Amino acid sequence: MSEYSNTPKEALFSPQNRKLLTNPLGKDNPINVQVLGICSVLAITVQLRTSIVMAISVVAVMGLANVIISLLRKTIPPRIRIIVQLTVIASLVILVDQVLKAFVYDVSRQLSVFVGLIITNCIIMGRLEAYALNNKPWPSFLDGIGNAFGYGWVLLTVGFFRELFGSGTLMGYQVIPGFLYDLGYENNGFMILPPMALITVGIIIWVHRHRDRSLVDIS
Amino acid sequence: MTNRYVFLYASAMVVVVALVLSSAATLLRPLQERNMRIEKMQNILAAINIPAPRAEAEALFNQYITTAKIVNSRGEEIEGDAFEVELQDEVRKDLADRQLPVFIADVDGEIFYILPIRGNGLWGPIWGYIGLESDLTTIAGANFDHASETPGLGAEIADKPFQEQFTGKRIFDEEGNFRPVRVVKGRAPADDLHAVDGVSGGTITSNGVTNMVRDGLAAYKSYFEKIKTT
């Protein structure tokens, strides 16, 4: 990872730094390529609204956690570094949960236990351990939000299709016109269940690999 | 990095985290409590089938709920603010010492009684409100919620289809004996006025609802008598 480290002269958005932000969206996508953080994708993508809030929460937690760990990286005793990382993540998650409860109570009710599950999202600790612990705050921040965005767009895509085909709505508004139902169209109840999220993710991975052949394992 | 350093580091971290989290909790508390009050109002109104969007919940609550009082298990009225009664504390007390809130709604001249109930599901507490029509026998509507029942199984008690089954059911039989609504495993007989369909895969939660409805309403029996005879 040392080739990414920031020299004082380097611009804020140097090509290397931009890569930190864009790589996780495609080639290094935490869900599609590394297949991390799948559990929350299955759990909270029934509706687009919960997916959006989850994505925003993860962006906030990951960006901040990466910066905090990166700032502390020279002081953290290696023997307890995992505990320190967990404490930082857990505290941020509790903060996010409290803020949601105060300002968007309905959403917080829907996310209920899943907010707490941000703590167990392996992408976050993975980035802390693999990147923030060895790099300066700014690149760490970019790496954090880059991965969170990479996680977020998959989450939103899955949420979009599951709500559209499962409930016929988007963000709670009916989008499939009524006359289609009169013609015999029905919402697919299977889309509401977690297994369908897995299949949707599978299709996204399939399309992704089809378009980027370098990801295909030909060994 | 010596052991001393590790210990000091960990201790300092804990203190800092505790400070940050407790100050955040204290600052946000008033907003959160307001949200919980509004949710409570929404749930009370939902028990008599009045949908209340967040923004209008408080106005609708004040418009429809004309009386809120506390009674005891002998049906006597006691002093206090019914809205502030915490049922989770009350259900732990002896029946005789319990404060039982009653919310009385007037919807265009029709009187409804809304009674809060609380019990245990599979993983944690479940609670809800039962709305009774003015005959104190027919259920106008019911609203349930839960802390941690299994999503897709027991958690279905918080969904409309389950709750709508209660509407029109009765808690007293023809002879006037107390016979609360039970949640039965599988399908309830269509003509049974005292049973509703259980949740598949959520039998323990369903039984929890049965017990909650029975125990919760039984506490009000004397109060019902008193109203019926006067």
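Residue numbers (the working numbering), protein chains in the order written: chain Z, 4 to 222; chain S, -18 to 211.
Where is the CB? At the ideal position from N, CA and C, for every residue including glycine.
Computed from a prediction, not measured in an experiment: that's the story for all the values here.
8 Å Cβ cutoff, residue i in contact with chain S
i: THR223 of chain Z; result: The structure shown does not extend to residue 223 of chain Z, since chain Z spans only 4 to 222, so no value can be given for it.
i: VAL102 of chain Z; result: yes
i: SER217 of chain Z; result: no
i: ILE59 of chain Z; result: no
i: VAL87 of chain Z; result: yes
Cβ neighbour criterion (16 or more within 10 Å) applied to residue i
i: ARG52 of chain Z; result: buried
i: PHE147 of chain S; result: buried
i: SER3 of chain S; result: exposed
i: TRP209 of chain Z; result: exposed
i: ASP172 of chain S; result: exposed
i: GLN88 of chain Z; result: buried
i: HIS127 of chain S; result: buried
i: ILE120 of chain S; result: buried
i: MET4 of chain Z; result: In this prediction, MET4 of chain Z has a pLDDT of 46, which is less than 50 and means its spatial position is unreliable; what the coordinates show is noted afterwards. Counting Cβ neighbours within 10 Å, MET4 of chain Z comes out exposed, since fewer than 16 surround it.
i: GLN177 of chain Z; result: exposed
Where the beta strand (DSSP E) through residue i begins and ends
i: TRP104 of chain S; result: Segment: none, TRP104 of chain S is in no beta strand (DSSP E) and carries neither H nor E.
i: GLY122 of chain S; result: 120 to 127
i: PRO82 of chain S; result: 81 to 88
Minimum Cβ-Cβ distance from residue i to chain Z less than 8 Å
i: TYR(-14) of chain S; result: yes
i: GLU215 of chain S; result: Residue 215 of chain S lies beyond the stretch modelled for chain S, which goes from -18 to 211, so this question has no answer here.
i: GLN80 of chain S; result: no
i: ARG73 of chain S; result: no
i: ASN16 of chain S; result: yes
i: GLY9 of chain S; result: It is worth fixing the name first, because residue 9 of chain S is Leu in this sequence and not Gly. With 8 Å as the cut-off, LEU9 of chain S counts as an interface residue toward chain Z.
Element boundaries [alpha helix (DSSP H), containing residue i]
i: ARG151 of chain S; result: Counting along the chain, ARG151 of chain S falls outside any alpha helix (DSSP H), and DSSP gives it neither H nor E.
i: THR210 of chain S; result: 202 to 210
i: ASP70 of chain S; result: 68 to 71
i: ARG130 of chain Z; result: 125 to 133
i: ASN188 of chain S; result: 184 to 199
i: VAL177 of chain S; result: Element bounds for VAL177 of chain S: not the alpha helix (DSSP H) but the beta strand (DSSP E), 176 to 178.
i: MET17 of chain S; result: -16 to 27
i: LYS141 of chain S; result: 141 to 145
i: PHE106 of chain Z; result: 84 to 106
i: TYR188 of chain Z; result: Run containing TYR188 of chain Z: none; DSSP gives neither H nor E here.
i: THR48 of chain Z; result: That residue, THR48 of chain Z, is in no alpha helix (DSSP H); it is neither H nor E in DSSP.
i: VAL204 of chain Z; result: 197 to 214
DSSP state of residue i mapped onto helix, strand, coil
i: TYR45 of chain S; result: helix
i: VAL219 of chain Z; result: coil
i: ARG163 of chain S; result: strand
i: PHE163 of chain Z; result: helix
i: THR172 of chain Z; result: strand
i: MET4 of chain Z; result: Because MET4 of chain Z sits at a pLDDT of 46, beneath the cut-off of 50, its placement in the model cannot be relied upon, and the following sentence gives the value as read from the coordinates. Coil at MET4 of chain Z, not helix or strand.
i: LYS22 of chain Z; result: helix
i: PRO214 of chain S; result: Any answer about residue 214 of chain S is impossible in this case: the structure gives chain S only from -18 up to 211.
i: ILE59 of chain Z; result: helix
i: LEU67 of chain Z; result: helix
i: ILE72 of chain Z; result: helix
Contact list for residue i against chain S, beta-carbon separation under 7 Å
i: THR90 of chain Z; result: MET(-6) and VAL(-2)
i: LEU45 of chain Z; result: Result: empty, since nearest Cβ-Cβ is about 11 Å, beyond 7 Å.
i: PRO80 of chain Z; result: MET(-18), TYR(-14), VAL(-13) and TYR(-10)
Contact list for residue i against chain Z, beta-carbon separation under 7 Å
i: ALA(-9) of chain S; result: ILE83
i: ALA5 of chain S; result: LEU98 and GLN101
Amino acids of chain Z, ordered along the chain, whose beta-carbon sits closer than 8 Å to that of residue i
i: GLN13 of chain S; result: GLN101, LYS104, ALA105 and TYR108
Neighbour list for residue i in chain S, Cβ cutoff strictly below 8 Å
i: SER94 of chain Z; result: VAL(-2), VAL1 and LEU2
Interface partners of residue i on chain Z, CB under 9 Å
i: ARG35 of chain S; result: TYR108 and ASP109
Check: residue i C-beta below 7 Å from any heavy atom of the ligand MG
i: MET(-18) of chain S; result: Among the components modelled here there is no ligand, and therefore nothing to report on the ligand MG.
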